[in-house]
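Below is one structure, written out as structure tokens; the observations come after it.
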Amino acid sequence: MKLLTDKVAIVTGAARGIGEAIALKLGEQGAAIAFTYVSDSSAGKAKDLEEKLTALGVKAKAYQSNAADFAQCESFVNDVVKEFGKVDICVNNAGISKDNLLLRMSPEQWNDVLNVNLTSVFNMTKQVIRPMMKAKSGSIINMSSIIGITGNAGQSSYAASKAGIIGFTKSIAKEMGSRNIRCNAIAPGFIETDMTGYLKEGDAAEKYRSSIPLGRFGSGDDIADATLFLASDLSRYITGQAISVCGGLNM
Ligand code: NAI
Numbered sequence: 000m001k002l003l004t005d006k007v008a009i010v011t012g013a014a015r016g017i018g019e020a021i022a023l024k025l026g027e028q029g030a031a032i033a034f035t036y037v038s039d040s041s042a043g044k045a046k047d048l049e050e051k052l053t054a055l056g057v058k059a060k061a062y063q064s065n066a067a068d069f070a071q072c073e074s075f076v077n078d079v080v081k082e083f084g085k086v087d088i089c090v091n092n093a094g095i096s097k098d099n100l101l102l103r104m105s106p107e108q109w110n111d112v113l114n115v116n117l118t119s120v121f122n123m124t125k126q127v128i129r130p131m132m133k134a135k136s137g138s139i140i141n142m143s144s145i146i147g148i149t150g151n152a153g154q155s156s157y158a159a160s161k162a163g164i165i166g167f168t169k170s171i172a173k174e175m176g177s178r179n180i181r182c183n184a185i186a187p188g189f190i191e192t193d194m195t196g197y198l199k200e201g202d203a204a205e206k207y208r209s210s211i212p213l214g215r216f217g218s219g220d221d222i223a224d225a226t227l228f229l230a231s232d233l234s235r236y237i238t239g240q241a242i243s244v245c246g247g248l249n250m
């Protein structure tokens, strides 16, 4: 039995990396997938993912939509409800980093990271709760980070955005719990994607790897499995939590 038969899931920023792994995982479990990408250069990868999902036997559609733009999120979710009929699951995955020491960080760098990582979660959550309230159920999953819990030198904007996601997640869980809408966050550790190209090799990579109790970096699939759990009824009594998926790095 598949875990997400007849469910409709949104995944933001899914043309590559963790978002792609999540879209495929939820699709494998029977969910129809509406996903976003932002830049023209990702259109090819988005098309490929659409085809992979369709080959799994689920309905899938890519939308070009900037998660940091409120109006674009509004029309995206309206389009999804028109096309797919409802929204059961929303995975707010889109994110960027523009790391710099505070002494050198520009207001533009700060604002870009806060807008793409945190305001995007407000933009999307505000839209998806309407169809979820109508359906009297829903699961919202926000991609935080271990850095939002521990902080990191050179990552103040990223850490602030990811810590903000945890506070937002808990607040929405309290606001929406009585409507049977759950809201949780995932805090990944070091996951090998384009965002973390510096993990591929060298002394720095070895230093990071040796600090992880499970002895390896994570994969998109590791995060996708946790997302599947939070998206499905297996987690029906879990809300307002930030689940660390980091190989034990947070201890
Ligand atoms: P990635 O850079 O490979 O993927 C991010 C995706 O978000 C890309 O497809 C990008 O086009 C999309 N995106 C960026 N800005 C967007 C916008 N304004 N609107 C819509 N889409 C947008 O990075 P990765 O590693 O897959 O990260 C996914 C999420 O996981 C991010 O939120 C990231 O902060 C978080 N994360 C990643 C970790 C890692 O070690 N890779 C660790 C902790 C959290």
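Residue numbering for the sequence shown is 0 to 250, as defined by numbering that gives the first Met the number 0.
A virtual CB, placed ideally from N, CA and C, is assigned to each residue, including glycine.
{"Check": "With DSSP as the reference, identify every bridge partner of T35, one or two as the case may be.", "Outcome": "Y62"}
{"Check": "Taking 8 Å as the cut-off, does the stretch 168-184 touch the stretch 135-147 (at least 3 CB pairs, one atom from each stretch)?", "Outcome": "yes"}
{"Check": "To the nearest angstrom, how far is it from the Cα of S231 to the Cα of P212?", "Outcome": "28 Å"}
{"Check": "What is the DSSP secondary structure of N141, reduced to helix, strand or coil?", "Outcome": "strand"}
{"Check": "Go ahead and pull the three-state DSSP assignment for A223.", "Outcome": "helix"}
{"Check": "Is D221 buried or exposed, if buried means 16 or more other CB atoms sit within 10 Å of its CB?", "Outcome": "buried"}
{"Check": "Measure the Cβ-Cβ separation of I185 and I242 and say whether it is below 8 Å.", "Outcome": "yes"}
{"Check": "Which same chain residues, not among the five before or five after V120, have their C-beta less than 7 Å away from its C-beta?", "Outcome": "N91, N141, I164, F167"}
{"Check": "Is I180 helix, strand or coil when you go by DSSP?", "Outcome": "strand"}
{"Check": "Please check the pair A22 and I88, which I expect to be a contact at CB under 8 Å, by giving their CB distance rounded to whole angstroms.", "Outcome": "Incorrect: roughly 11 Å between the Cβ atoms, too far for contact."}
{"Check": "Considering I9, what are the terminal residues of the beta strand (DSSP E) in which it resides?", "Outcome": "7-10"}
{"Check": "I need the DSSP call for I95, collapsed to helix, strand or coil.", "Outcome": "coil"}
{"Check": "Indicate, with yes or no, if the ligand NAI has a heavy atom lying under 7 Å from the CB of P187.", "Outcome": "yes"}
{"Check": "If you measure from the CB of D193, is any heavy atom of the ligand NAI nearer than 7 Å?", "Outcome": "yes"}
{"Check": "Does DSSP put A241 in a helix, a strand or coil?", "Outcome": "strand"}
{"Check": "Does at least one heavy atom of the ligand NAI sit under 7 Å from the Cβ of G12?", "Outcome": "yes"}
{"Check": "Pick out whichever of N151, G12, V7 has its Cα sitting closest to the Cα of V115.", "Outcome": "G12"}
{"Check": "Could you check if S38 belongs to the surroundings of the ligand NAI, using beta carbon to heavy atom distance under 7 Å?", "Outcome": "yes"}
{"Check": "Looking only at its chain, what residues have a beta carbon closer than 7 Å to the beta carbon of A14, apart from the 5 residues adjacent to it on each side?", "Outcome": "Y36, S41, K44, A45, L48"}
{"Check": "Put A30 into one of helix, strand or coil per three-state DSSP.", "Outcome": "coil"}
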